[in-house]
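Q: In order, the protein sequence lines correspond to chains Y and V.
Mapping of the first sequence onto our numbering: residues 1 to 548, in sequence order.
Mapping of the second sequence onto our numbering: residues 1001 to 1345, in sequence order.
Take a look at the following structure, please.
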Amino acid sequence: MTTSTTAKTAGGLANWADERLGASKAVRGLARKIFPDHWSFFLGEVALFSFIILLLTGVFLTFFFVPSSAHTTYDGVYAPLVNQHVSEAYASTIRLSFDIRGGLLMRQIHHWAALLFVAAMTVHMFRVFFTGAFRKPRELNWVIGCVLVLLGIIEGFLGYSLPDDLLSGTGIRIASSIILAIPIVGSYLSFFLFGGEFPGEMFIPRIYTIHVLLLPAIFLALIGAHLTMVFLQKHTQYPGPGRTNKNVVGLPFYPVYMAKQGGFFFIVFGVITLLSALVTINPIWNYGTYDPSPVSAGSQPDWYMGFMDGAVRLMTGWGEVHLWGNTLSLNILIPALVVPGLMTIPLFLYPWIEQAATGDRREHHLLDRPRNAPTRTGLGAMAITFYILLLIAGGNDILAVLLRLSINDITMTLRVLVFVLPPIVYWVTKRICLGLQRKDRESVLHGRETGTIVRTETGEHFEVHEPLDEFTRWKLVQHESYQPLAELTAEDASGVRRPGGGSTWKRRLSNFYFEERVDPVTPAELAAAHHSHGEHEAIEGSPAGVAH
Amino acid sequence: MSESSNLPEVSGGSSSGTVAVPDRFEDPGLPQHRNRVTDVDAQAARRAERQVAALFGLSAVGTLLALVAYFALPYDTSLGYIDYLGRVQLSNLLVGLGLFIALFGIGAGAVHWVKTLMPDDEQIQERHALRGSDEDRDIAVAIFKESAEETGVGRRPLIRNSLIGAMALAPLPAVVLLRDLGPLPGSKLSETIWKRGTALVRDPEGGKIKASDLVEGSVVHVLPEGIEETEHPLNEKAKAPVLLIRLAPGLLDETSRAGAYQGIVAYSKICTHMGCPVALYEQQTHHLLCPCHQSTFDLTQHCKVIFGPARRPLPQLPITVDDEGYLVAQDRFHEAVGPSFWERG
């Protein structure tokens, strides 16, 4: 085809599309939309791409998987299982792994992608949290994101339970015990869910429908809403010269982002495939089919369920109480339902909690550097510490073997650490943030240390400090620093008490957040610093403007 | 709360005497774009072009490798078992590596293309307030009011109230329809198939057990005889498994002795915490450990919980021997085995 005919064909197609769909208007409005660039913005995309990979490989798996608990006798190629009584679900998973070329690879990619899906969502959430991207107008998208993470955990749990192997069956048994522990209705719920007693024969087909139909449909809807909102509200951007709350600085969607994102999808897909080719996970042929009687030592759920299992392991038995002829299993309810609930509710509400402390109702499109929000960063680090300790507790048996320590000692230590360590981490993180902010002030006021030592005629030694250029400086001074509401509502300069300032708890909350703070350098402070130190700079920072 | 929030007060900028200093620094604006090598050096650009093409070419090679590996390594049942599994693994490895190269090549090529040859000078677009104009908002409110007026909901409360009532009731069938998801629990959670005289057989190989088969310190996994012939063997297996252990007679406590036979005791293997099999027996300490959440039970104290999240001891199955000397249940379990539930008592 010559160039002119190609152009003619393309033109014809474009015309066809425009006259039927109004495509030119969409292209004009959207193709050159600007997206800001930063490596951390790709974390959410890793999650999105993992989801697409899950859909693709999942469809392949459904062609061979038989979602049934019906009993059958295995007579395939895998000798250790021949003539064993297994379920159809298990037998078909073994078949698709060993008899279907590429089947094992597809299973591995599906499982690896699921692990990555939840991990990427979690890390993406950390990014959004620590940079304050959840602030107005993005509160709703934060909530949708939280729902997606929770659903991802549930979807993953149901997915790895489908092969009906010994390990996942043990997980289902634990899930059934959690349901049984629910007061009053627990045993009824369990009988309805399992179609009778555990394990029964209804469970696999039921969770199959939820795993391949119900939850993916909800995922598609929520991801659609999530992305639409990113598009409508435009992406946030990191602060820097030329980047304001009123603009978006970056590169156009077409062609730059299309090529970059498209390429990145293939990279994520490629890396997951490489992992699947090299590292076998969930070798269900080693576990055997589910049977409630045997179990293997070191039974572990997939990583994203680990924190819950860890909470359960840390609990003591005293929680189970017997009253008025009934049993209330707080030893199960607290770690399996209450603790995850208490972790989730503040997560969902966080945008509003912080808004109550700042009293700030403006739109925020410029991200925070984590150090400039010390209390938030400290709280985030505290929450992550708590989560990681629970995750470690979920592997206390593995840890005991690896470190050759007593499992009882590890558990006792972790029981103490989950209460003690998170507040310490909060405090340390906050101190580090405040310290970094002071260092920023130092750099702005006294410039960069050049490492050049100069000796004056009088014998005095000093290091030459080079003033920051205005672009570097802007990054360190552009942010705003909140004051506690209480200070604002005190008497003003003329001794008149200001009205408003919110209720007592709001003031307390605000104090908790902003009592300790470091304000950015003002031009006046910089001028004063130059004035007082003359040509060469002293090392000590200026206390002026530094509260506390 | 005011729109301005609680940001530091503007102080008026009077700090430095005669010269007016602004309160805040000014944004210096976007720094000038710095050219990449490929922007200024045509040769470098051609080199980048070749690199991108090479990555795409590599991808094509990967695709070929995946296809060749798929067809060249058929799964052949005439191979021995070990060779067959080796074939599966090799196929998984080579098809996977081929796919990796195919996918990664495209991805790396595209990203390299973007980074070296597509424009990278940043552009600025204005944001627009998400909030509608005052006019938009007034019109929206007016539309809602007008539509509400047209429906007459405010004027005809009978329609409104009856609709609310009907809507509140309508979801009920959806809930009720779920009733047949399963039968009611009844007393099923409290029952096992053990009864007086049920023989203890080995799990999984089967076969009755004589007291003399057990030496001191030995442990046997046990199921009730006939469990495979029940209607739902797995459901029964979720409750009935038992651990049979012979202890030195002196180690048995008073409570356990009544249900024991010559120092042989049988305890439910189903953890009283979350129903995992308490399958790890530590011979030296006479402890039973659940591998799921590490609840530890002491055999010498009637299987009392000595560590971990479980509360109740493992229920004991009282045992004796029949006329032929085989171990059998003396009676059923005296309480529900396994995890707790509300009605358990």
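Even glycine gets a Cβ: it sits at the ideal position worked out from N, Cα and C.
#1: With distances taken Cα to Cα, identify the nearest neighbour of E155/Y among A393/Y, D99/Y, D440/Y, T209/Y.
#2: Across the stretch 78 to 91 of chain Y and the stretch 111 to 127 of chain Y, are there enough close Cβ pairs to call them in contact, namely three or more that are closer than 8 Å?
#3: Let me make sure I understand the geometry here. Which of I1124/V, V1321/V, S1340/V has the alpha-carbon closest to that of H322/Y?
#4: Using a beta-carbon distance cut-off of less than 9 Å, what residues from the stretch 28 to 49 of chain Y approach chain V?
#5: What is the DSSP secondary structure of I94/Y, counted as helix, strand or coil?
#6: Does the beta carbon of T273/Y fall short of 8 Å from some heavy atom of the ligand NAP?
#7: Counting only beta-carbon atoms, is S1268/V nearer than 9 Å to chain Y?
#8: Mind listing which residues of the stretch 1133 to 1146 of chain V have their C-beta closer than 9 Å to chain Y's C-betas, in chain order?
#9: Any C-beta of chain Y within less than 9 Å: which residues of the stretch 1295 to 1306 of chain V qualify?
#10: Along chain Y, in chain order, which residues have C-beta atoms closer than 7 Å to that of D1023/V?
#11: In whole angstroms, give me the CA-to-CA distance for N331/Y and L1079/V.
#12: Among S161/Y, E480/Y, F265/Y, L434/Y, which has the Cα closest to the Cα of F203/Y?
#13: Would you decide whether I1106/V is buried or exposed? Buried here means 16 or more other CB atoms lie within 10 Å of its CB.
#14: Under the three-state reduction of DSSP, which class applies to E1149/V: helix, strand or coil?
#15: Please determine if the stretch 396 to 405 of chain Y and the stretch 362 to 381 of chain Y are in contact, where contact requires at least 3 C-beta pairs separated by less than 8 Å.
#16: Since I believe G200/Y is in contact with P36/Y (beta carbons under 8 Å), could you give me their beta-carbon distance rounded to a whole number of angstroms?
#17: Grouping DSSP H, G and I as helix and E and B as strand, with all else coil, what is N247/Y?
#18: Between the stretch 1198 to 1211 of chain V and the stretch 1168 to 1185 of chain V, can you find at least three pairs of beta-carbon atoms closer than 8 Å?
#19: Could you tell me how far apart the beta carbons of L328/Y and P163/Y are, in whole angstroms, since I believe they sit closer than 8 Å?
#20: Nearest to A1048/V by CA position, among T1116/V, A1211/V, V1328/V, Q1283/V, is which residue?
#21: L61/Y to M106/Y, Cα distance in whole Å?
#22: Taking 9 Å as the threshold (C-beta atoms), are F63/Y and T93/Y in contact?
#23: Applying the 10 Å Cβ sphere with the 16-neighbour rule, what's the burial state of I109/Y?
#24: Flag this pair as touching only if the stretch 1063 to 1075 of chain V and the stretch 1095 to 1103 of chain V have three or more C-beta atom pairs under 8 Å; answer yes or no.
#25: Given that a residue counts as buried once 16 or more other Cβ atoms are within 10 Å of its Cβ, and exposed if not, what is M412/Y?
#26: Could you give the DSSP three-state label for I1270/V: helix, strand or coil?
#27: Output the residue ranges of the alpha helix (DSSP H) runs that lie fully inside the stretch 1127 to 1202 of chain V and measure 4 residues or longer, sorted by chain position.
#28: Would L1244/V pass as a contact of L1289/V if the rule is Cβ separation under 9 Å?
#29: Under the rule that 16 or more other beta-carbon atoms within 10 Å means buried, what is V401/Y, buried or exposed?
#30: Quick check on DSSP: helix, strand or coil for H536/Y?
#31: Going by Cα to Cα distance, which pick from F307/Y, W352/Y, A277/Y, W39/Y is closest to G132/Y?
#32: Looking at C-beta atoms only, is the number of pairs between the stretch 179 to 194 of chain Y and the stretch 302 to 316 of chain Y that lie closer than 8 Å three or more?
#33: Flag this pair as yes or no: are the beta carbons of F1104/V and V271/Y separated by less than 9 Å?
#34: Which residue or residues does DSSP assign as beta-bridge partners of V147/Y?
#35: In the structure shown, what three-state DSSP assignment does A1240/V receive?
#36: Please confirm if Y1281/V has its CB atom under 9 Å from at least one CB of chain Y.
A: A quick look at the data gives this:
#1: Comparing Cα positions, the closest option is T209/Y.
#2: Between the stretch 78 to 91 of chain Y and the stretch 111 to 127 of chain Y, the count of C-beta pairs closer than 8 Å stays below three; the two stretches do not touch.
#3: Per the Cα distances, S1340/V.
#4: Taking 9 Å as the Cβ-Cβ cut-off against chain V, the residues of the stretch 28 to 49 of chain Y that qualify are R32, K33, I34, P36, D37.
#5: Residue state, collapsed to three classes: helix.
#6: This structure lacks the ligand NAP; in fact it carries no ligand of any kind.
#7: For S1268/V, the nearest beta carbon of chain Y is not closer than 9 Å to its own beta carbon.
#8: Here the close residues number zero.
#9: Listed by position, the residues of the stretch 1295 to 1306 of chain V near chain Y (Cβ gap below 9 Å) are S1295, T1296, V1305.
#10: Within chain Y, the residues near D1023/V are T522.
#11: Spanning the two alpha carbons is a distance of roughly 53 Å.
#12: Comparing C-alpha distances from F203/Y to each of S161/Y, E480/Y, F265/Y, L434/Y shows the shortest one belongs to S161/Y.
#13: Label assigned to I1106/V: buried.
#14: Helix.
#15: No contact exists between the stretch 396 to 405 of chain Y and the stretch 362 to 381 of chain Y.
#16: Going by Cβ atoms, the distance from P36/Y to G200/Y rounds to 52 Å, so no, they are not a contact pair.
#17: It is a strand residue.
#18: No, they do not touch.
#19: Contact between L328/Y and P163/Y is ruled out by a C-beta separation of about 34 Å, above the 8 Å threshold.
#20: Minimum Cα distance to A1048/V is reached at T1116/V.
#21: Going by the C-alpha atoms only, they are around 7 Å apart.
#22: No, these two residues do not count as a Cβ contact at 9 Å.
#23: It is buried - the Cβ of I109/Y has at least 16 other Cβ atoms within 10 Å.
#24: Judged by Cβ distances under 8 Å, the stretch 1063 to 1075 of chain V makes contact with the stretch 1095 to 1103 of chain V, as three or more pairs qualify.
#25: It is exposed - the Cβ of M412/Y has fewer than 16 other Cβ atoms within 10 Å.
#26: In the structure shown, I1270/V falls within a strand segment according to DSSP collapsed to helix, strand and coil.
#27: Taken in chain order, the unbroken stretches of alpha helix (DSSP H) that lie wholly in the stretch 1127 to 1202 of chain V and span 4 residues or more are 1134 to 1151, 1157 to 1169, 1172 to 1176.
#28: No, the pair does not count as a contact, with Cβ atoms beyond the cut-off.
#29: With fewer than 16 Cβ atoms within 10 Å of its Cβ, V401/Y is classed as exposed.
#30: Because H536/Y sits at a pLDDT of 49, beneath the cut-off of 50, its placement in the model cannot be relied upon, and the point is left open.
#31: Nearest option by C-alpha distance: W352/Y.
#32: No: the two stretches stay apart, fewer than three of their Cβ pairs being nearer than 8 Å.
#33: Closer than 9 Å, so yes.
#34: Paired residues: none, contrary to the question.
#35: Residue state, collapsed to three classes: coil.
#36: Answer no: the Cβ-Cβ gap between Y1281/V and chain Y never drops below 9 Å.
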